[in-house]
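Here our numbering is used: position 128 in the sequence shown is 128, and no number is missing along the way. Note that CB positions come from ideal geometry on N, CA and C, so glycine has one too. Bear in mind that the values here come from a model prediction, so they are computed numbers and not experimental data. Below: the structure, in structure tokens.
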Amino acid sequence: MALRNFLKFRLPLLQHRQLNQSISFIPVRASSFNASEEFKDYDNHPDVVVTKNPPEWKYVERLLGYQVIPKPTVKSEYPSGWTAPNPELYKDLPYFIERTKNYMLPVYLHITFRGQRRTTLIKNIEGDIWQLEQELNKVISKRVQKRIFSRINEMSRQIVFKGDYVTLIQKYLADRGL
């Protein structure tokens, strides 16, 4: 009765009259293994054809993932803004940042405590990690006009900055050729 009173104001008149009649439901499980019919005949199923025909196989290869990530083609500028490492610019630097397997700079933003804490993480640093931290600290503090807190972990080759400075650090590292 409560359902009818609730739905009386929500449904059109035609559906309201249908609710006054008794409705019975039959529970049916649409996709249960036990309820499915037993397999009987192979004739109704298509045959599987194994092909080694190269013209057909090229369409399958497009769907498969790469075994090895291909090296990017060398261009002066990419539409995404990505820049390739430039050995001529970074050969004199006392530090080096190894790119990820997808050729991206390993600079990440970590958001914790329900969005209240933001930290910027730089990974895969080789060489003088202390000088890199000093240079980045100068660049960031000059930009934001306040003191920047950072943490260096030499064992894991990482620097962590308190705050969201991912784009600023990526731009600085790309300008240095890393």
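Helix, strand or coil at V160 according to DSSP, with G and I counted as helix: Here DSSP, grouped into helix, strand and coil, assigns V160 to strand.
Endpoints, the beta strand (DSSP E) within which T112 is located: It spans 107-112 - the beta strand (DSSP E) in which T112 sits, taken as one unbroken run.
Length of the line joining the Cα atoms of V166 and F96: Using only the alpha carbons, I get a separation of about 18 Å.
G81 versus N53: straight-line alpha-carbon distance, rounded: Approximately 40 Å between the Cα atoms of the pair.
Coil, strand or helix - S141 by DSSP: If DSSP states are grouped into helix, strand and coil, S141 belongs with the helices.
L64, enclosing alpha helix (DSSP H) - first and last residue: It is not in any alpha helix (DSSP H) - L64 carries neither H nor E in the DSSP assignment.
Pairwise C-alpha distance: N34 and L168: Each residue's alpha carbon lies about 59 Å from the other.
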